[in-house]
Amino acid sequence: MTTPTPSPSTPPPPAATAGDAAEPAGGSPADPGTALAGSRPGYLYPLVAMYLVEHPDEFHQPGAIKHALGVPSAGAVSEVLKKMTAAGHAVHHTGPHRFRITQAGIDAAGTMPAAAPRPTSGSGGGRPGRRGPVTRPNGEQYFPRRLAGATDVDVLRRLRDKRIPVLLYGPPGTGKTAMVEAAFDDLLTITGTGDTVVEDFLGNFIPLPEGGYEFVYGPLVQAMRHGRALLIDDATLIPPKVLAVLYPAMDGRRVIHITGYRNERVEAVDGFYVIAGHNPGVHGAVLTEALASRFDVHIEVTTDWDLARHLGVPAAAITAAIALNADADAGKVTWAPQLRELLGFTRVRKTLGLPTAVANLAGRAPLDDRPAVVAALTAAFGTPVTPLTLGKQR
76 MTTPTPSPST PPPPAATAGD AAEPAGGSPA DPGTALAGSR PGYLYPLVAM YLVEHPDEFH
136 QPGAIKHALG VPSAGAVSEV LKKMTAAGHA VHHTGPHRFR ITQAGIDAAG TMPAAAPRPT
196 SGSGGGRPGR RGPVTRPNGE QYFPRRLAGA TDVDVLRRLR DKRIPVLLYG PPGTGKTAMV
256 EAAFDDLLTI TGTGDTVVED FLGNFIPLPE GGYEFVYGPL VQAMRHGRAL LIDDATLIPP
316 KVLAVLYPAM DGRRVIHITG YRNERVEAVD GFYVIAGHNP GVHGAVLTEA LASRFDVHIE
376 VTTDWDLARH LGVPAAAITA AIALNADADA GKVTWAPQLR ELLGFTRVRK TLGLPTAVAN
436 LAGRAPLDDR PAVVAALTAA FGTPVTPLTL GKQR
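Start counting at 1 in the sequence shown, then tack on 75, and there's your number in the working numbering.
See below:
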């Protein structure tokens, strides 16, 4: 999604420039623009306004904005949103309460002073370098992790600004795709398989209902022409000869030719960015030197056990998963549950109960690894475990 360019022509909203009243002695803020930042007037208003500018096509609930900005009060955010609505800078829907910025609000943000830094732990806002959860395109929240002195989301965005391509590697289900979706809201994705062909990158002719054919450009061409981020998921499953179509777009030339369609020349515009995912343990995944050398930064992505706990995964399941991952590192097994499997376990548990969820997790293991997985689950849960199997007729 492309963020609209704010226009400097519309005057800023009064709350963004006027000095707000101090917090009353009773502890309830007289105005949310100052309540969270002591004497800094207008602290919250520009933060909320610019957040809405960055997500102009969506409706947002105050609580979601509170988490995204890392501020302590959803009520204060709600008051800011109501002020924006009264000024014509946002629209307000109820059931539940949710807000979306208007074009007038986007224009007004262009003349707004830069938002003050968010509060640190000393002023009630959490540790520096932390950010709240980020909503992915599917509506699920992604919780950023620490990386290089910041968060993974912020680091990926900085690398994109400098055109430094990244290769993410780690077991399937650890959150590589989720991280990229959280970092880039303009993302296009190619999911690699052994059957991926050049046309999956560049485009192909498709039949028209009225007869004839039309050429439809592929994700690589779209990303280059519109300055979007492109994720090559499971890149090492793609045949090397096919993947080579990507390399001219990533080097200094940043130009490709669609040989199958008039030899059309495609030149990358600013914003175009390539990031890839690699699952080293997957059968058929081969990281060639030609591919590895195209990515200046390689980041290992493992399961975040603290996040699993935060998301409600039972402690015994995490204990078993940690033990099995240690066995995988030692070469004793080839499969171990990651965050994806643990979240699936939690959903099954809520639907069918704990014994069935444990049995189902055991049944997800490959046959060769199943005895070790059953043993780990039995030890963690303290009860015999067998893979989920149909029984006799009732």
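The beta-carbon is built from N, C-alpha and C at its ideal position, and this holds for glycine as well.
Report the rounded CA-to-CA distance for residue i versus residue j, giving the unit in angstroms.
| i | j | result |
| --- | --- | --- |
| R221 | Q297 | 32 Å |
| F174 | R235 | 30 Å |
| V349 | G466 | 49 Å |
| G224 | V230 | 9 Å |
| S148 | T421 | 30 Å |
| Y126 | A304 | 21 Å |
| G207 | G145 | 5 Å |
| E427 | A383 | It is worth fixing the name first, because residue 427 is Leu in this sequence and not Glu. Approximately 20 Å between the Cα atoms of the pair. |
| L399 | P212 | 31 Å |
| A351 | V341 | 21 Å |
| P121 | F370 | 37 Å |
| I331 | E285 | 32 Å |
| V361 | P355 | 8 Å |
| E416 | F280 | 38 Å |
| G457 | P441 | 22 Å |
| D261 | G406 | 39 Å |
| S196 | K141 | Bear in mind that the predicted position of S196 carries a pLDDT of just 34, short of 50, making it unreliable; the figure below should be weighed with that in mind. Distance between the alpha carbons of S196 and K141 is about 16 Å. |
| R233 | L283 | 42 Å |
Is residue i helix, strand or coil when you go by DSSP?
| i | result |
| --- | --- |
| Q216 | strand |
| T409 | coil |
| V175 | Per the sequence shown, the amino acid found at residue 175 is Arg instead of Val. Three-state result, R175: strand. |
| H168 | strand |
| V209 | strand |
| V49 | As displayed, the chain neither begins before 76 nor continues past 469, which places residue 49 out of reach and without an answer. |
| R221 | strand |
| L242 | strand |
According to the Cβ coordinates, are residue i and residue j closer than 8 Å?
| i | j | result |
| --- | --- | --- |
| A343 | M299 | yes |
| V209 | I176 | no |
| A484 | G163 | Residue 484 falls outside the range modelled here, since the chain spans only 76 to 469, and no answer is possible. |
| A455 | A395 | yes |
| W380 | I393 | yes |
| L429 | T378 | no |
| G245 | E375 | yes |
| D402 | A447 | yes |
| G267 | I333 | no |
Any heavy atom of the ligand NAP closer than 7 Å to the CB of residue i?
| i | result |
| --- | --- |
| G346 | In the structure on display, the ligand NAP does not appear, and there are no ligands present to speak of. |
Report task. Only counting runs of 3 or more residues, tell me where the beta strand (DSSP E) segments fall wholly within the stretch 265–333, in order along the chain. Result -> For the stretch 265–333, the continuous beta strand (DSSP E) assignments of 3+ residues that do not extend past its boundaries occur at 278–282, 288–292, 304–308 and 330–333, in sequence order.
Query raised in the report: At which residue ranges does the stretch 433–461 contain complete alpha helix (DSSP H) runs of 4 or more residues, listed in the order of the chain?
Result: Runs of the alpha helix (DSSP H) spanning 4 or more residues and lying entirely within the stretch 433–461 occur at 445–456, in chain order.
Report task. Would you list, in sequence order, the uninterrupted beta strand (DSSP E) runs of no fewer than 3 residues that lie entirely inside the stretch 333–389? Result -> Within the stretch 333–389, the complete beta strand (DSSP E) runs of at least 3 residues are 339–342, 348–353 and 372–375.
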